[in-house]
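Just below is one structure, and these are the notes that go with it.
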Amino acid sequence: MNTSQRLTLNELTLSHDYGTLPEHFYHRTEPMPLPDPKIISINPLAAELLQLNPCSLDPEHLASLMGGHQLLPGSSPLAMKYAGHQFGMYNPQLGDGRGLLLGEQAIDGQLWDWHLKGAGLTRYSRSGDGRAVLRSSIREYLVGEALTALNIPSTRALAVCITGQKIQREMVENAATIIRVTPCHIRFGHFEHFYYTRQQDALQQLVDYCIQRYFPECQESEQPCLAMFDRVVELNASMVAGWQAYGFLHGVMNTDNMSLIGETFDHGPFAFIDRWKEDAVYNHTDETGRYAFDQQPDIIHWNLSALAQALTPLEPVDDLKKVLARFPRRFKAAWLTRMRQRLGLFTEQPDDESFIKEWRSLLAQYEMDFNPLYRALSLAQSESDQPDSGLDETELLLWRTELENWLPKYQQRLALETCPAQQRRDAMLAVNPVYTLRTHVAQHIIRAAEQGDYEPLNRWLHVVQHPYQEHAGLESWKRAPQDGGFVMLSCSS
Ligand code: AMP
Ligand code: MG
Numbered sequence: 079m080n081t082s083q084r085l086t087l088n089e090l091t092l093s094h095d096y097g098t099l100p101e102h103f104y105h106r107t108e109p110m111p112l113p114d115p116k117i118i119s120i121n122p123l124a125a126e127l128l129q130l131n132p133c134s135l136d137p138e139h140l141a142s143l144m145g146g147h148q149l150l151p152g153s154s155p156l157a158m159k160y161a162g163h164q165f166g167m168y169n170p171q172l173g174d175g176r177g178l179l180l181g182e183q184a185i186d187g188q189l190w191d192w193h194l195k196g197a198g199l200t201r202y203s204r205s206g207d208g209r210a211v212l213r214s215s216i217r218e219y220l221v222g223e224a225l226t227a228l229n230i231p232s233t234r235a236l237a238v239c240i241t242g243q244k245i246q247r248e249m250v251e252n253a254a255t256i257i258r259v260t261p262c263h264i265r266f267g268h269f270e271h272f273y274y275t276r277q278q279d280a281l282q283q284l285v286d287y288c289i290q291r292y293f294p295e296c297q298e299s300e301q302p303c304l305a306m307f308d309r310v311v312e313l314n315a316s317m318v319a320g321w322q323a324y325g326f327l328h329g330v331m332n333t334d335n336m337s338l339i340g341e342t343f344d345h346g347p348f349a350f351i352d353r354w355k356e357d358a359v360y361n362h363t364d365e366t367g368r369y370a371f372d373q374q375p376d377i378i379h380w381n382l383s384a385l386a387q388a389l390t391p392l393e394p395v396d397d398l399k400k401v402l403a404r405f406p407r408r409f410k411a412a413w414l415t416r417m418r419q420r421l422g423l424f425t426e427q428p429d430d431e432s433f434i435k436e437w438r439s440l441l442a443q444y445e446m447d448f449n450p451l452y453r454a455l456s457l458a459q460s461e462s463d464q465p466d467s468g469l470d471e472t473e474l475l476l477w478r479t480e481l482e483n484w485l486p487k488y489q490q491r492l493a494l495e496t497c498p499a500q501q502r503r504d505a506m507l508a509v510n511p512v513y514t515l516r517t518h519v520a521q522h523i524i525r526a527a528e529q530g531d532y533e534p535l536n537r538w539l540h541v542v543q544h545p546y547q548e549h550a551g552l553e554s555w556k557r558a559p560q561d562g563g564f565v566m567l568s569c570s571s
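Residues 79 to 571 (the working numbering) make up the sequence shown, in order.
This is the structure in structure tokens:
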């Protein structure tokens, strides 16, 4: 679609497909207006995804929507009802407490949800204020792009809007909103709600809705619900494989934060690990390390078992168990694929798993700043078959002693590859980023934004969307900070 064919906000009409489900699936309510809304960043790639022309997006109009003063034609906002397991404990009382589904936009045969996060109180707000602070809105906005650029499925956001509303967290902060865009706001917790309240008809209706909207191919199956569950297992295995390969830590993997279509969802105290640490925990409320980095695949498996449990009224338990049991194998296959890509291995060799695990142990043993190291390995690919070729790369020099035994093994492994080194180098440079959204980078951007300077935010939006190239003037942000970069993050947002 060329620019002239793209829509302006005025031309956009939302449908409400989820809103055709029965009333007890949600609660209709309108956003609560916020004072002085102001757009501080528009995401041109998300705009394009929504067939909007980023250049003709009227910031005043968008601010009016994001500040809750106006609705798009066709919009009929609603708060979804769901439940979920939080830190392993079932909580029936969840739902959209501060976000509203504004409606859906039909794009090339697929519906995309427009969700206003920070929209105000709903029936499900419990003791919350229905709002989101600027820092968490900026983090969610940027990380959606950072993950997407790493080819890890994630929800995205169209824009960030700051407002004049003051809200209390650890201190008084400005309320902000984002428009989250994704085809799916259905969480594992949606199914759990109907299961634990014994509403089997509603559960069946929800499953039918999801199959028809997200997994139409499953309609052909003799057991469509089981076929859908199988797809959900696969998609989530693939998502968490991406997290593990790039050192991404979600932070709050409660089942209400798990998307049915395997997108990274409801980003809270997430982090990209700076220096490799298998048991890293950044969320300071996660006292037992339930959601530690190395636990993530098992936790996804556990969350999938919670979803399977919720589907037991519709499918035989043994069948669900069989599908669930496919998770470890699928995760491992997806993870190996990712790791091979990062190391430039195109063929599959029998010892790959132990070779890759040895590499990861090495990263952990010396708590290496691994991203620059992958980058250096990529740049070091050359036709020379010398075991230490490319050792003049800074990062490799830095870790020369620690890598002494491993590099020759890597060279031996590369010798089994048939693809020319130049091609390998190009492929590796396309999957090993120069920049990641490190915590201290996000904090730098947030500090500036809190003082009214949105230039770093908009600069870094572009950087995280294009992380495989150098960006002038940002060289010092490529590496972990001198102090190691370990910052505990608050769940409050
Ligand atoms: P989260 O920890 O963000 O995944 O949210 C867990 C639950 O708390 C969900 O039902 C949210 O809608 C709700 N919630 C989180 N923050 C707020 C808030 N500030 N106001 C109202 N509800 C909230
Ligand atoms: Mg949540």
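Each residue gets a CB set at the ideal place from its N, CA and C atoms; glycine is no exception.
What does DSSP give as the partner residues of residue i in its beta bridges?
{"i": "S40", "result": "Missing from the structure shown is residue 40; the chain here goes from 79 to 571 and no further."}
{"i": "H250", "result": "Note on residue identity: the sequence assigns Val, not His, to residue 250. Beta-bridge pairing links V250 to Q246."}
{"i": "L179", "result": "L156 and H193"}
{"i": "M167", "result": "Q164"}
{"i": "C239", "result": "I117 and T255"}
{"i": "V211", "result": "A253"}
{"i": "N361", "result": "L567"}
{"i": "T342", "result": "S232"}
{"i": "Y104", "result": "M158"}
{"i": "I185", "result": "Q188"}
{"i": "G173", "result": "K159"}
On a CA-only basis, which of the options is nearest residue i? Give me that one, please.
{"i": "G267", "options": "N335, Q243, L228 and K244", "result": "N335"}
{"i": "I377", "options": "S568, N314 and R525", "result": "N314"}
{"i": "V318", "options": "C239, Q374 and V541", "result": "Q374"}
{"i": "S205", "options": "R213, D174, Y219 and P450", "result": "D174"}
{"i": "I230", "options": "L421, W413, N449 and L457", "result": "W413"}
{"i": "H102", "options": "P450, L382, E248 and T275", "result": "T275"}
{"i": "D352", "options": "M446, L112, C239 and Q283", "result": "M446"}
{"i": "V565", "options": "P113, L85, V519 and W380", "result": "V519"}
{"i": "P151", "options": "P511, L87, A499 and H163", "result": "L87"}
{"i": "F448", "options": "Y513, E426 and D344", "result": "Y513"}
{"i": "H147", "options": "E126, C296, A235 and D114", "result": "D114"}
{"i": "G530", "options": "I117, R84, L85 and M110", "result": "I117"}
{"i": "R420", "options": "D396, P428, F405 and R438", "result": "R438"}
{"i": "I120", "options": "A442, Y202 and H139", "result": "H139"}
Which word fits residue i, buried or exposed, when buried means at least 16 other C-beta atoms lie within 10 angstroms of its C-beta?
{"i": "I185", "result": "exposed"}
{"i": "A403", "result": "exposed"}
{"i": "L475", "result": "exposed"}
{"i": "S432", "result": "exposed"}
{"i": "S215", "result": "buried"}
{"i": "A161", "result": "buried"}
{"i": "P347", "result": "buried"}
{"i": "A493", "result": "exposed"}
{"i": "H345", "result": "buried"}
{"i": "P511", "result": "buried"}
{"i": "R478", "result": "exposed"}
{"i": "V401", "result": "buried"}
{"i": "H328", "result": "buried"}
Whole angstroms are fine: how far does the CA of residue j sit from the CA of residue i?
{"i": "L92", "j": "G367", "result": "42 Å"}
{"i": "N361", "j": "C497", "result": "42 Å"}
{"i": "A384", "j": "E270", "result": "8 Å"}
{"i": "L338", "j": "D357", "result": "26 Å"}
{"i": "K410", "j": "G320", "result": "11 Å"}
{"i": "R77", "j": "F326", "result": "Residue 77 lies beyond the residue range present for the chain, which begins at 79 and ends at 571; the question has no answer from this structure."}
{"i": "A386", "j": "E393", "result": "9 Å"}
{"i": "Q129", "j": "L90", "result": "10 Å"}
{"i": "R265", "j": "Q500", "result": "43 Å"}
{"i": "V359", "j": "E365", "result": "9 Å"}
{"i": "T363", "j": "R502", "result": "42 Å"}
{"i": "W354", "j": "W555", "result": "17 Å"}
{"i": "I524", "j": "S568", "result": "14 Å"}
{"i": "P534", "j": "G196", "result": "23 Å"}
{"i": "E495", "j": "T425", "result": "6 Å"}
Beta-carbon within less than 6 Å of residue i's beta-carbon, same chain only, minus the 5 sequence neighbours each way: which residues are those?
{"i": "P465", "result": "Interpretation of P465 is limited by its pLDDT of 46, a score under 50 that renders its predicted location unreliable; the figure taken from the coordinates is listed afterwards. Counting only Cβ-Cβ distances below 6 Å, and skipping sequence neighbours, we find P486 and Q489."}
{"i": "Y324", "result": "L228"}
{"i": "G208", "result": "R176, G198 and L199"}
{"i": "M506", "result": "G422 and S456"}
{"i": "T233", "result": "G222, R258, T260, E341 and F343"}
Once the 5 residues before and after residue i are set aside, which same chain residues still bring their CB inside 7 Å of it?
{"i": "V250", "result": "K244"}
{"i": "H263", "result": "M158, L179, D191 and H193"}
Cutting at 8 Å between CB atoms, please list the residues of its own chain near residue i, excluding the five before and the five after it.
{"i": "L440", "result": "M446, E480, L481 and W484"}
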